[in-house]
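Numbering (my numbering), first residue to last: 1051 to 1676.
What follows is the structure in structure tokens.
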């Protein structure tokens, strides 16, 4: 058993020798590579924080001192050092370790944090609570992987700096990247420091001279600190943190554990808010990850560690269909532009950016700004396409409502990873978007059932110039094309029998599920009509009236049941005076534990067999009551 396997918690770190600590770092990197190669996960970010994680847990006393990781996907090392290394074979599997901090896993996990730029706000509140309760505990917030580009982080910094009595240490894990190289003015300023060779050369010379002087200890540190500020201002201006009133230490080589420990120990002594700037390399210790130009293996599917190549070739996904089609549209429409929030590759805007670099804007992890900036672009005569994960549109709902919809701006939102996403857990399931967006006046919402419909609906969406439009699709492989037998208005009829016992309204990729369920119901002797609304907001009036022609209506969607498409359709049917019973199938309004998507859908009853059985039971009751 290695050193890592013997750790029961972070307190064990304090008794290790320098050689043992070096060995521990090597063991952690090995376990990271082995675990992610097997199960997939966030490799690059965690390889970059090995020494930082060890240093944090040697200097501070978790869980008494609270450590908050932002973003949570860089917390694997923290998990290993807090007694969970022996469970890492279960990473991101059902019943196993989460890919993010998890309060149910450990007392050392304070925040289940996978939405970026939030750690400083959590830490601000925790430090305030400590002060009011008379505690001398420290709060440590590790912010990195581009999270400092989010506006919420700066709102928090503004408040953190306002009170000099709170024991709060902010660690900026500066690896120059989020998924891809971090963008924006802040990123440029940090890069100046990170890449200026004069800074460290000059500072090293000053440090050597000071160490040779008779005085030492605090006075030497204070002298060095004062000189450092002057050097930084002269060689790489970055007084932004100290101008806020935050004490600043750094930059520190994040892979020199001893240096990081010294910086953190000094920060701990301040007794007030202090920022420690740590320079790290994403993928450190695994050359294949460091050399990966796209994302330094930020999030990897299971791979061959010798080559870094995925062990299986994933089938064409929804994102790839969007990636190809948006480039074709951009070729035809010079007014179409793209916006992403630090996720150019994951959302499929990379090909657009490669061909038209001046027409795609990566705004960093700043979804609110992305949406309101899109409104400005629309007001300026362009048609912006904002591509984000469905879970992240939640963060900019106010901007969608009052900055885009209120002004009737022609902005298209493309929501990737909608519905149940599975492995990444509760915070990444895109299961609230259709419920939130249903209440936005004038907004038009589409959920394509297959690749052909994604292309067609995307084109219809960008043709709308007087209202926001939304296209949302699931994670993973795109569904086989499911042809319609008829189009009525804006909706498609997928199948129809002469008998009108059941109407199944299938939203998005659940068209295939509905088709299978319909066949099972037909086998029991009932007539079924299956329709795809295509545009789930607003509903075609003919689709509303169709409910009155059937004995039972069943809706199925990959979204929360409350306030979703089924709920809105029920309301529209009732408003039309139609009393046909309606059964809504969707996701229960709960936070779902991580597991494979099909496992979660089965648990929720969102399978063809479950929908068919429920439908047959209700038809039987209707017959008995009739």
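For every residue, glycine included, the Cβ atom is placed at its ideal position computed from N, Cα and C.
Computed from a prediction, not measured in an experiment: that's the story for all the values here.
When you compare only the Cα positions, how much space is there between residue 1220 and residue 1170?
8 Å
So is residue 1297 buried or exposed if we call it buried at 16+ other beta carbons inside 10 Å?
buried
Identify whether residue 1123 lies in helix, strand or coil by the three-state DSSP scheme.
helix
Could you name the residues that DSSP lists as bridge partners for residue 1542?
1537 and 1582
Using the C-alpha atoms, what's the distance from residue 1132 back to residue 1124?
14 Å
Please classify residue 1208 as buried or exposed, where buried requires at least 16 other C-beta atoms within 10 Å of its C-beta.
exposed
Using the Cβ count rule (16 or more neighbours within 10 Å means buried), how would you classify residue 1284?
For residue 1284, the predicted model reports a pLDDT of 41, less than 50, meaning its position is unreliable; a value from the coordinates is still stated below. It is exposed - the Cβ of residue 1284 has fewer than 16 other Cβ atoms within 10 Å.
Let me confirm a value: residue 1058 is counted as buried when at least 16 other C-beta atoms fall within 10 Å, else exposed. Which label applies?
exposed
Going by the beta-carbon positions, is the gap between residue 1106 and residue 1192 smaller than 9 Å?
yes
Can residue 1643 and residue 1144 be called in contact, C-beta distance under 9 Å?
yes
Residues bridged to residue 1353 [DSSP beta-bridge criterion]:
1360
Give me the residue from 1167, 1172 and 1134 with the minimum Cα distance to residue 1155.
1134
Exposed or buried, which one is residue 1319 when buried takes at least 16 other CB atoms within 10 Å?
Classification of residue 1319: exposed, given that the 10 Å Cβ count is below 16.
Excluding the 5 residues preceding and the 5 following residue 1060 in the sequence, name in chain order all residues of the same chain whose CB lies nearer than 7 Å to its CB.
Contacts found: 1107, 1112, 1131 and 1132.
For residue 1587, which three-state DSSP category applies?
strand
When you compare only the Cα positions, how much space is there between residue 1151 and residue 1141?
When rounded, the separation of the alpha-carbon atoms in residue 1151 and residue 1141 is 12 Å.
In chain order, what residues of the same chain lie with their CB nearer than 7 Å to the CB of residue 1548, ignoring the 5 residues before and after it?
1577
Give a yes or no on contact between the segment 1454 to 1472 and the segment 1402 to 1416, applying the rule of three or more CB pairs nearer than 8 Å.
no
Starting from residue 1510, follow the alpha helix (DSSP H) in both directions and report where the run begins and ends.
Looking at the DSSP string, the run of the alpha helix (DSSP H) that includes residue 1510 is 1501 to 1512.
Where does residue 1556 fall in DSSP's three states?
strand
Which parts of the segment 1359 to 1388 are runs of the alpha helix (DSSP H), unbroken and 4 residues or longer, counting only runs that do not cross its ends?
Segments of the alpha helix (DSSP H) lying fully in the segment 1359 to 1388: 1368 to 1382.
Quick one: Cα of residue 1084 to Cα of residue 1528, how far?
29 Å
Taking only the alpha-carbon atoms, compute the straight-line gap between residue 1363 and residue 1351 and give it to the nearest angstrom.
10 Å
May I ask you to report which of helix, strand or coil DSSP gives residue 1053?
helix
List the residues that DSSP assigns as beta-bridge partners of residue 1328.
1223 and 1302
What's the C-alpha gap between residue 1328 and residue 1638?
Whole-angstrom Cα-Cα distance: 42 Å.
Residue 1460 to residue 1583, Cα distance in whole Å?
22 Å
Could you tell me which of 1403, 1569, 1082 and 1649 sits nearest to residue 1475, measuring between CA atoms?
1649
Is it true that the segment 1621 to 1628 meets the segment 1655 to 1664, where meeting means three or more beta-carbon pairs spaced less than 8 Å apart?
no
Unbroken beta strand (DSSP E) runs of length 3 or more, entirely within the segment 1391 to 1477: which are they?
1410 to 1412, 1433 to 1439 and 1462 to 1468
Contact set for residue 1484: own chain, Cβ-Cβ below 6 Å, skip 5 residues either direction:
1609, 1614 and 1615
Inter-residue spacing [alpha-carbon to alpha-carbon] between residue 1412 and residue 1382:
22 Å
What separation, rounded to the nearest whole angstrom, lies between the Cα atoms of residue 1056 and residue 1391?
41 Å
Based on Cα-Cα distance, which residue from 1536, 1173 and 1570 lies nearest to residue 1552?
Taking each of 1536, 1173 and 1570 in turn and checking the Cα distance to residue 1552, the smallest one comes out for 1570.
Check whether the Cβ of residue 1605 lies closer than 8 Å to any heavy atom of the ligand SAM, and answer yes or no.
The ligand SAM is absent from the structure shown, which contains no ligand whatsoever.
What first and last residue would you give for the alpha helix (DSSP H) that runs through residue 1620?
1615 to 1625
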